[in-house]
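Visitor: Numbering of the sequence shown is given in the working numbering, commencing with residue 4 and proceeding in unit increments.
Even for Gly, the Cβ is constructed at its ideal location relative to N, Cα and C.
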Amino acid sequence: MTETRIRQFKIILLGDTCVGKTALLNRYVDDSFIPDADITNGIDFRIRKVEIEPGVRVKLYIWDTCGVQRYRTIVSSYIRGIHGCLLVFDLSNCESFKRIEHDLTLVSEIEPRAPCVLVGSKSDHKHRCVSREEAEVLAKTLGVPYVEASSLTGHNVKEAFETLVQMIYRNIPNAKHERFAVESRFEPQKEEPGASWSCLLM
Numbered sequence: 004m005t006e007t008r009i010r011q012f013k014i015i016l017l018g019d020t021c022v023g024k025t026a027l028l029n030r031y032v033d034d035s036f037i038p039d040a041d042i043t044n045g046i047d048f049r050i051r052k053v054e055i056e057p058g059v060r061v062k063l064y065i066w067d068t069c070g071v072q073r074y075r076t077i078v079s080s081y082i083r084g085i086h087g088c089l090l091v092f093d094l095s096n097c098e099s100f101k102r103i104e105h106d107l108t109l110v111s112e113i114e115p116r117a118p119c120v121l122v123g124s125k126s127d128h129k130h131r132c133v134s135r136e137e138a139e140v141l142a143k144t145l146g147v148p149y150v151e152a153s154s155l156t157g158h159n160v161k162e163a164f165e166t167l168v169q170m171i172y173r174n175i176p177n178a179k180h181e182r183f184a185v186e187s188r189f190e191p192q193k194e195e196p197g198a199s200w201s202c203l204l205m
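Have a look at this one:
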């Protein structure tokens, strides 16, 4: 039987406080939405496993960051070593949109090779202050893809994360590159009971 390799991708979510980073992560990992969830204090992370193509499985270590200013130094240290980043802003909060360029600059200074995706969260909100056109112009200027998503409905949440995963995978210079270390080798029939992998269509 063909041996399967499991790779590790470290992804970080950046953005202002209360833009919906934790909600996006919960929807992607658990397919759940928790109204009035607690604000992330410092750093948290979740894991999700995806199969990019036959024989290529990836364990995503997704770091959820606090947007409060006093945690900025801590957040900067967690950017080091990432493979990709979701830059999140709230479509109903113009100030969070203005911060995106700062966050991208931070990533570029620490991990210039890490691809990023711009995510406009809370696309279900009736009173948005950032238009799709404005966001698309910024994304084009920054050279990153743009996705509008809603954690409430689940719309485009999977697309946002998987767009980034595809970019990371295409960014691998070769199969043995140290930045995309192989975690382990295993025979598929020996997987732990209850372990599951979601298929990511390329």
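Exposed or buried, which one is G58 when buried takes at least 16 other CB atoms within 10 Å?
Guide: The residue labelled residue 58 in the question sits at position 55 within the sequence shown. The residue in question, G58, is exposed, as its Cβ has fewer than 16 Cβ neighbours within 10 Å.
Visitor: For I171, is the classification buried or exposed, using 16 other Cβ atoms within 10 angstroms of its Cβ as the cut-off for buried?
Guide: Position 168 of the sequence shown, counted from the start, is the residue given in the question as residue 171. With 16 or more Cβ atoms within 10 Å of its Cβ, I171 is classed as buried.
Visitor: Tell me the DSSP secondary structure of H155 in three-state form.
Guide: Within the sequence shown, numbered from 1, the residue matching residue 155 stands at position 152. The sequence given here has Leu at residue 155, not His. Three-state DSSP puts L155 in coil, outside helix and strand.
Visitor: Below 7 angstroms CB to CB, which residues in the same chain sit around I15 once its five sequence neighbours on both sides are set aside?
Guide: What you label residue 15 is simply residue 12 of the sequence shown in a count that begins at 1. Closer than 7 angstroms at the Cβ level, and outside the excluded window around I15, lie W66, T68, Y81, I82, I85, C88.
Visitor: Below 8 angstroms on the Cβ atoms is my guess for S95 versus C132; work out the distance and round it to an integer in Å.
Guide: Locating residue 95 in the sequence shown gives position 92, where the first residue counts as 1. Locating residue 132 in the sequence shown gives position 129, where the first residue counts as 1. About 6 angstroms; that satisfies the 8 angstroms criterion.
Visitor: Scan the region 15-85 and note each continuous alpha helix (DSSP H) run of 4 residues or more that stays entirely inside, going in chain order.
Guide: 24-33, 75-82
Visitor: Is it right to say I106 is buried, meaning 16 or more other beta carbons lie within 10 angstroms of its own, or is it exposed?
Guide: The residue given as residue 106 occupies position 103 in the sequence shown. Per the sequence presented here, residue 106 reads as Asp, with Ile not at that position. D106 comes out buried.
Visitor: Could you tell me whether the region 47-63 touches the region 137-145, using the rule of 3 or more Cβ pairs below 8 angstroms?
Guide: no
Visitor: Y149 bridges to which residues according to DSSP?
Guide: As a first step, residue 149 is located in the sequence shown; it is residue number 146 there, counting from the start. Answer by DSSP bridge pairing, in chain order: L121.
Visitor: Once the 5 residues before and after I113 are set aside, which same chain residues still bring their CB inside 6 angstroms of it?
Guide: On the sequence shown, residue 113 is found 110 positions in, with the first residue counted as 1. Counting only Cβ-Cβ distances below 6 angstroms, and skipping sequence neighbours, we find I82, R83.
Visitor: I55: buried (16+ other C-beta within 10 angstroms of its C-beta) or exposed?
Guide: In the sequence shown, counting from the first residue as 1, residue 55 sits at position 52. Its Cβ being crowded by 16 or more others within 10 Å, I55 is buried.
Visitor: Using three-state DSSP, classify I9 as helix, strand or coil.
Guide: Numbered from its first residue, the sequence shown carries residue 9 at position 6. In this structure, I9 counts as strand in the three-state DSSP scheme.
Visitor: Taking 6 angstroms as the limit between beta carbons, can you name the residues of its chain near A142, skipping five residues before and five after?
Guide: Numbered from 1 along the sequence shown, position 139 holds the residue referred to as residue 142. Here the set comprises L121, Y149.
Visitor: Count the other CB atoms, across all protein chains shown, that sit within 10 Å of the CB of D34; report buried if there are 16 or more and exposed otherwise.
Guide: Here residue 34 refers to the residue found at position 31 when the sequence shown is read from its first residue. Counting Cβ neighbours within 10 Å, D34 comes out exposed, since fewer than 16 surround it.
Visitor: Tell me the residue span of the beta strand (DSSP E) that contains L90.
Guide: As a position in the sequence shown, residue 90 is number 87, starting the count at 1. Run containing L90: 87-93, per the beta strand (DSSP E) assignment.
Visitor: Using only alpha-carbon positions, find the residue among F36, G146, Q11 that is nearest to H158.
Guide: Taking the first residue of the sequence shown as position 1, residue 158 is located at position 155. Here the closest residue by C-alpha is F36.
Visitor: From this set, T76, K24, D93, which residue's C-alpha is nearest H128's C-alpha?
Guide: Sequence index remark: in the sequence shown, residue 128 carries index 125 (1-based). Answer by Cα proximity: D93.
Visitor: Quick check on the DSSP output: the alpha helix (DSSP H) that includes R116 runs from which residue to which?
Guide: The sequence position of residue 116 within the sequence shown is 113, counting from 1. Where R116 is concerned, there is no enclosing alpha helix (DSSP H), given that its DSSP letter is neither H nor E.
Visitor: Buried or exposed for E165, please, with buried defined as at least 16 other CB atoms from any protein chain shown within 10 angstroms of its CB.
Guide: As a working note, residue 165 is residue 162 in the sequence shown. Buried, because 16 or more other Cβ atoms sit within 10 Å of the Cβ of E165.
Visitor: Tell me which residues share the same chain as I103 and place their Cβ nearer than 6 angstroms to its Cβ, disregarding the 5 neighbours each side in the sequence.
Guide: Here residue 103 is taken as the residue at index 100 of the sequence shown, counted from 1. Only residues of its own chain outside the window of five on either side were considered, and among them L90, F92 have a CB closer than 6 angstroms to the CB of I103, listed in chain order.
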